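Chemist: Got a structure for you, written out below as structure tokens; questions coming shortly.
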Amino acid sequence: MRLSFFLFALPLLAQSAAEYAALGARLLEANRPAEAQAAFANSLRLNPAEFEAIAGIGFLHFARNQFAHARPYLEKAVTARPQSFQARFLLGATLVQLQQPKAAIAHLRLAVIRNPAHQDARKLLASQLLETRQYRDAITILQPVVETPPFDEEVHLLLIEARQAAADTAAAFALAQKAAARFPGSAQVLAWLGFQLQFAGRYEEAKLPLQRALELDPAFPIPMQLLGEVFLKEENYPEAIQWLTRAARNMPDDTETLLALSRAQSESGAIQQALETLARTAQTDARVHLQLSRLYFRLGDEAKARQSADLSVQLRDKQPAAPVSTLRRR
Amino acid sequence: MASHGAAAFPAAKPSGRVFPVSFNDVAAAAGLRSPQIGGGEKRGYIVEAMGSGVAFLDYDNDGWLDIFLVNGSRFDAAPKPSNYLYKNNRDGTFTDVTAKAGLTKSGWGQSVTAADYDNDGHTDLFLTYWGRNVLFHNNGDGTFTDTTAKAGLAGDRDRWGSGASFFDFDRDGHLDLFIANYLTLDIPRAPLPGKDATCVWLGVPVFCGPRGLPFATNLLYKNNGNGTFTDVSSASGIGAPQKTYALGVLAADLDGDNWPDLYVACDSSRSLFYHNNHNGTFTERATYTGLAYDENGLEQAGMGLALGDYDGDGLLDIAKTNFADDYPNLYRNLGKGGFTDRALFAGLGLHPQYVLWSPILADFDNDSFPDVFLAAGHIFNEVDRLQTAQRFRNPRLLYWNLGNGKYEDVSSRSGPGISAEHSSRAAAVGDFDNDGALDILVMNMNQPPSLLRNMNRSGHHWFKAALTGTKSNRSAIGAKVRIESDGRWRTSVVLSQSGYYSCNDPRVHFGLGTATKVDMMEIIWPNGNVETWRNLPADRLFEATEGAAPQ
Numbered sequence: 000m001r002l003s004f005f006l007f008a009l010p011l012l013a014q015s016a017a018e019y020a021a022l023g024a025r026l027l028e029a030n031r032p033a034e035a036q037a038a039f040a041n042s043l044r045l046n047p048a049e050f051e052a053i054a055g056i057g058f059l060h061f062a063r064n065q066f067a068h069a070r071p072y073l074e075k076a077v078t079a080r081p082q083s084f085q086a087r088f089l090l091g092a093t094l095v096q097l098q099q100p101k102a103a104i105a106h107l108r109l110a111v112i113r114n115p116a117h118q119d120a121r122k123l124l125a126s127q128l129l130e131t132r133q134y135r136d137a138i139t140i141l142q143p144v145v146e147t148p149p150f151d152e153e154v155h156l157l158l159i160e161a162r163q164a165a166a167d168t169a170a171a172f173a174l175a176q177k178a179a180a181r182f183p184g185s186a187q188v189l190a191w192l193g194f195q196l197q198f199a200g201r202y203e204e205a206k207l208p209l210q211r212a213l214e215l216d217p218a219f220p221i222p223m224q225l226l227g228e229v230f231l232k233e234e235n236y237p238e239a240i241q242w243l244t245r246a247a248r249n250m251p252d253d254t255e256t257l258l259a260l261s262r263a264q265s266e267s268g269a270i271q272q273a274l275e276t277l278a279r280t281a282q283t284d285a286r287v288h289l290q291l292s293r294l295y296f297r298l299g300d301e302a303k304a305r306q307s308a309d310l311s312v313q314l315r316d317k318q319p320a321a322p323v324s325t326l327r328r329r
Numbered sequence: 000m001a002s003h004g005a006a007a008f009p010a011a012k013p014s015g016r017v018f019p020v021s022f023n024d025v026a027a028a029a030g031l032r033s034p035q036i037g038g039g040e041k042r043g044y045i046v047e048a049m050g051s052g053v054a055f056l057d058y059d060n061d062g063w064l065d066i067f068l069v070n071g072s073r074f075d076a077a078p079k080p081s082n083y084l085y086k087n088n089r090d091g092t093f094t095d096v097t098a099k100a101g102l103t104k105s106g107w108g109q110s111v112t113a114a115d116y117d118n119d120g121h122t123d124l125f126l127t128y129w130g131r132n133v134l135f136h137n138n139g140d141g142t143f144t145d146t147t148a149k150a151g152l153a154g155d156r157d158r159w160g161s162g163a164s165f166f167d168f169d170r171d172g173h174l175d176l177f178i179a180n181y182l183t184l185d186i187p188r189a190p191l192p193g194k195d196a197t198c199v200w201l202g203v204p205v206f207c208g209p210r211g212l213p214f215a216t217n218l219l220y221k222n223n224g225n226g227t228f229t230d231v232s233s234a235s236g237i238g239a240p241q242k243t244y245a246l247g248v249l250a251a252d253l254d255g256d257n258w259p260d261l262y263v264a265c266d267s268s269r270s271l272f273y274h275n276n277h278n279g280t281f282t283e284r285a286t287y288t289g290l291a292y293d294e295n296g297l298e299q300a301g302m303g304l305a306l307g308d309y310d311g312d313g314l315l316d317i318a319k320t321n322f323a324d325d326y327p328n329l330y331r332n333l334g335k336g337g338f339t340d341r342a343l344f345a346g347l348g349l350h351p352q353y354v355l356w357s358p359i360l361a362d363f364d365n366d367s368f369p370d371v372f373l374a375a376g377h378i379f380n381e382v383d384r385l386q387t388a389q390r391f392r393n394p395r396l397l398y399w400n401l402g403n404g405k406y407e408d409v410s411s412r413s414g415p416g417i418s419a420e421h422s423s424r425a426a427a428v429g430d431f432d433n434d435g436a437l438d439i440l441v442m443n444m445n446q447p448p449s450l451l452r453n454m455n456r457s458g459h460h461w462f463k464a465a466l467t468g469t470k471s472n473r474s475a476i477g478a479k480v481r482i483e484s485d486g487r488w489r490t491s492v493v494l495s496q497s498g499y500y501s502c503n504d505p506r507v508h509f510g511l512g513t514a515t516k517v518d519m520m521e522i523i524w525p526n527g528n529v530e531t532w533r534n535l536p537a538d539r540l541f542e543a544t545e546g547a548a549p550q
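Protein chains in written order, with numbering that gives the first Met the number 0: chain A, 0 to 329; chain B, 0 to 550.
See below:
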């Protein structure tokens, strides 16, 4: 009651830009954003260069998901006070939301230098490095904190992905095993371990963590898909079809899942069903048409097979980058 | 070279079984001391990196494998080396008979295919070159004659002949000839290292190609039955596919219709599967049979090919090697022309850091399951200066077939012949000492070859068959041999070239495990006729002549 009265009275007491900015900050803390914005605006009227007010308005826009509006305030804030961790971090996070990873990475790097202990800044930077395929850099950012208690699940997940994508598969596998011991109740971690085991060709072992992940989160589609792929590799097509169908129900637009389902169906002789599954995929993916060409050939329609093969090549030439085999990108 | 950034596939749990084979390099002791040359130490052009072929053949019909080595060349002023023919002395040593045989020839030699093209009972040689290819006719008296021009194989211009195979595509009993062509390399016009993005690797200027260099098309020559050949590349459809850099070649019936097809491994471009239409023409079907690209539809840098029934289902599967940062392919034959790549499932994805060349699918421990040998070696000498896991010289890779569709990497426990580091290219398999264990001959860049003698301690039994065609071509090239032993069937084929640029022992070999006899042997001769033999003893060479099977 007393605090509330104090905050109510404060606008009457504020005289200077700094005082209005400080008031805004306190109102923010009290979760009164509209009043905080008014206080910051008053501050800027008195001094357009008042850092706390600029940063405060930037934060308010960020909190409201108004990232385009937040950006100029936060850029001004980091110009005004380059040493500010908070402004850097917020600007980096804003640029992430605006899908400008290169600029985001630059600011997040500086934020991590300013405050190396800030896990969220580190994780956000690592996620952007992964997005831009700078896997080694992501490892450098995450490795120093992965062994620091209290253990952070997301740090583990990001580092496993970075190791995997950087072709350091042995380290990715070892970390997945460690993560599974540290976070035995995490469906995400268990899915990663299952992925690593199936990648290592240890199909029977892979099934256990994947099934456990599904016990923990029955709607989690990734373990369903991975179980489907394991059975597909084992040439157990009925089981593969069952799991991949479940995964496809939860991820109806996922090309990887539908392609695997189509393969399982065609291998089990259900060519028509395999064609129907492919009809549900993005028709811009070269792999879809490659699979289509094989199905048409098996149906004895060589003209259509050739047509699909040609289209596959055309599409591939437009999107020549090889897909990276990681769990998160699925 | 197409690169996929592939990660090393983690090894499966060890089987705990002991691989009973060890390979020792006995080349020097056997008298194989002359190097096979491929350019100088500093390579300015891609032709200096490709290596050259090796062959096991019996040129004098004495029942013992002789050795032929194709030699490359160099651009500097050093003396240009010759090819070599080594006669087997039947005591573990060989004698250089090149000059006596009339086979002295230098040039940028590439591959070798060996077969009796004129059905006179003597094995002839066809060599591809960056330049003009050469046909050497075996005179039957220990000498050879260059009959290229007389046979009509001189061609209209210099090309870069790569893989080649004698095979009887029209089943008329006369061996025809397929010649793959890699690319067009015109030295005065060829770009120099570092010229553009295709001539830079990991930031270092390297020789250019194949990407950026002009493509070439492939050739098919029909044997006229009178010692001459006719170019049917256009009429047959063989010359139709464009935009490929063709290297390794397999000529065999791959889709089970008893007519020989062709599969061509192509570098940095789609690979080609020419289906034989039974009427003198071929249809290219690689994309929709699963043999053109990797499973993501990406081009691979294909090098060499091997054929064998690795899973014992009676269908011929294909092993294909690729450049580094990628995995080899193990194409499982699904029947009717369909294939699926099982390399990763089978455990062959452990070493993507190696540039792989000659693959061999052969049963080295005679346990009745074909193992996989892979020759490795980088193309850029510069790689040793870079921060990368790749090296110019590498050990060979040997994967042991566990009999359940999986392989175990036994490279580090298969003796010094496997673990020795070379920059290898071609490799051929054959039983040069006639002890029933398959040995390996390997080409090493600018070094003498390796002759890897198989010290097999398994005690397993084996069976070999030497085939002679009478109605079919005399070398029986393309004959499919199926044996049944202990209730299991195994399949093999007589080829005139496989691996990378190489020629294997023409006798088919089967490991029998603990079985002491072959219950049944079925030969599907190249003309489609089928003959059957029963109750053949193990640990013997059986000589099968077409038409001589008991009725």
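All C-beta atoms in this analysis are idealised placements derived from N, C-alpha and C, irrespective of residue type, glycine included. Please read these numbers as outputs of a predicted model, since none were measured by experiment.
Check whether the Cβ atoms of B/A291 and B/S497 sit closer than 8 Å, and answer yes or no.
Modeler: no
Chemist: Could you tell me which of B/G296, B/W524, B/P536, B/D230 sits nearest to B/F509, measuring between CA atoms?
Modeler: B/P536
Chemist: Could you pull out every residue in the same chain whose Cβ sits closer than 6 Å to the Cβ of B/G208, ignoring the five residues on either side in sequence?
Modeler: I45
Chemist: From this set, B/D252, B/D57, B/P448, B/Y326, which residue's C-alpha is nearest B/S33's C-alpha?
Modeler: Distance check between B/S33 and each of B/D252, B/D57, B/P448, B/Y326 places B/P448 closest, using alpha-carbon atoms only.
Chemist: For A/R286, count the other beta carbons within 10 Å of its own beta carbon; 16 or more makes it buried, fewer makes it exposed. Which is it?
Modeler: buried
Chemist: For A/N249, report the span of its alpha helix (DSSP H) as first-last.
Modeler: 236-249
Chemist: Assign B/K79 to one of three DSSP states: helix, strand, or coil.
Modeler: Looking at B/K79 - three-state DSSP - the assignment turns out to be coil, as it is neither helix nor strand.
Chemist: What number of angstroms, rounded off, separates the C-alpha of A/R121 from the C-alpha of B/S357?
Modeler: Each residue's alpha carbon lies about 47 Å from the other.
Chemist: Can you tell me the Cα-Cα spacing of B/S232 and B/N455, whole angstroms?
Modeler: 45 Å
Chemist: Short of 8 Å in beta carbon distance, which residues of its chain neighbour B/N180, apart from the five on each side in sequence? Order them along the chain.
Modeler: Excluding sequence neighbours, B/N180 sits near R158, W159, G160, S161, A215, T216, N217, L218, A245.
Chemist: Let's test the definition: count the other Cβ atoms within 10 Å of the Cβ of B/V17 and tell me whether it reaches 16, buried, or not, exposed.
Modeler: exposed
Chemist: Tell me the DSSP secondary structure of B/E381 in three-state form.
Modeler: helix
Chemist: Using 8 Å as the limit for Cβ to Cβ distance, is A/R135 near chain B?
Modeler: Cβ-Cβ to chain B under 8 Å: no for A/R135.
Chemist: Please list, in chain order, the chain D residues whose beta carbon lies closer than 9 Å to that of B/A11.
Modeler: Of the protein chains in the structure, A and B, none is chain D.
Chemist: Does the region 319-326 of chain B come into contact with the region 337-355 of chain B, if we say contact requires no fewer than three beta-carbon pairs (one atom in each stretch) closer than 8 Å?
Modeler: yes
Chemist: Identify which residue in A/E228, A/L215, A/E49, A/D216 has its Cα closest to the Cα of A/L196.
Modeler: A/E228
Chemist: How should A/Q313 be labelled, buried or exposed, when 16 other C-beta atoms within 10 angstroms of its C-beta is the threshold for buried?
Modeler: exposed
Chemist: Taking the continuous alpha helix (DSSP H) assigned at A/L277, which residues delimit it?
Modeler: For A/L277, the enclosing alpha helix (DSSP H) covers residues 270-278.
Chemist: Where does B/C198 fall in DSSP's three states?
Modeler: helix
Chemist: Confirm, please, whether the CB-CB distance from B/V111 to B/F166 is below 8 Å.
Modeler: no
Chemist: Note down the Cα distance separating B/M584 from B/R395, rounded to an integer number of angstroms.
Modeler: Residue 584 of chain B lies beyond the stretch modelled for chain B, which goes from 0 to 550, so this question has no answer here.
Chemist: How many angstroms separate the CA atom of B/P327 from the CA atom of B/L347?
Modeler: 7 Å
Chemist: Between the Cα of B/D256 and the Cα atoms of B/W524, B/P549, B/L397, which residue gives the shortest distance?
Modeler: B/W524
Chemist: Output the residue ranges of the beta strand (DSSP E) runs that lie fully inside the region 311-349 of chain B and measure 3 residues or longer, sorted by chain position.
Modeler: 316-321, 328-334, 337-340
Chemist: How far does the beta strand (DSSP E) with B/L466 in it reach, from first residue to last?
Modeler: 460-467
Chemist: Is B/F143 near B/N132, with beta carbons less than 8 Å apart?
Modeler: no
Chemist: Thinking C-beta only, is B/D366 closer than 8 Å to B/R459?
Modeler: Note on identity: in this sequence residue 459 of chain B is His, with Arg being the wrong assignment. Yes, Cβ-Cβ distance for B/H459 and B/D366 is below 8 Å.
Chemist: Give the list of continuous beta strand (DSSP E) stretches no shorter than 3 residues that lie fully inside the region 8-71 of chain A.
Modeler: none
Chemist: In angstroms with no decimal places, state the Cα-to-Cα distance between A/L124 and A/A29.
Modeler: When rounded, the distance between both Cα atoms is 29 Å.
Chemist: Would you kindly report the start and end of the unbroken alpha helix (DSSP H) that includes A/E203?
Modeler: 202-215
Chemist: With DSSP as the reference, please indicate the residues paired to B/P536 in a beta bridge.
Modeler: The partner list for B/P536 (beta bridge, DSSP) reads B/K516.
Chemist: Contact check, A/P222 vs A/A259 under 8 Å by CB: the rounded distance?
Modeler: Not confirmed; about 14 Å, so no contact.
Chemist: Who are the neighbours of B/M296 on chain A, taking C-beta pairs under 7 Å?
Modeler: Checking the displayed sequence, the identity of residue 296 of chain B turns out to be Gly instead of Met. Within chain A, the residues near B/G296 are A285, R286, L289, S311, R315.
Chemist: If we ignore side chains and look at the alpha-carbon of each, how far apart do B/S422 and B/R392 end up?
Modeler: Going from the Cα of B/S422 to the Cα of B/R392 covers about 4 Å.
Chemist: Alpha carbon to alpha carbon, how far is B/A11 from A/A199? Give it in angstroms, no decimals.
Modeler: 6 Å
Chemist: Taking Cβ positions only, does B/T544 come closer than 8 Å to chain A?
Modeler: no
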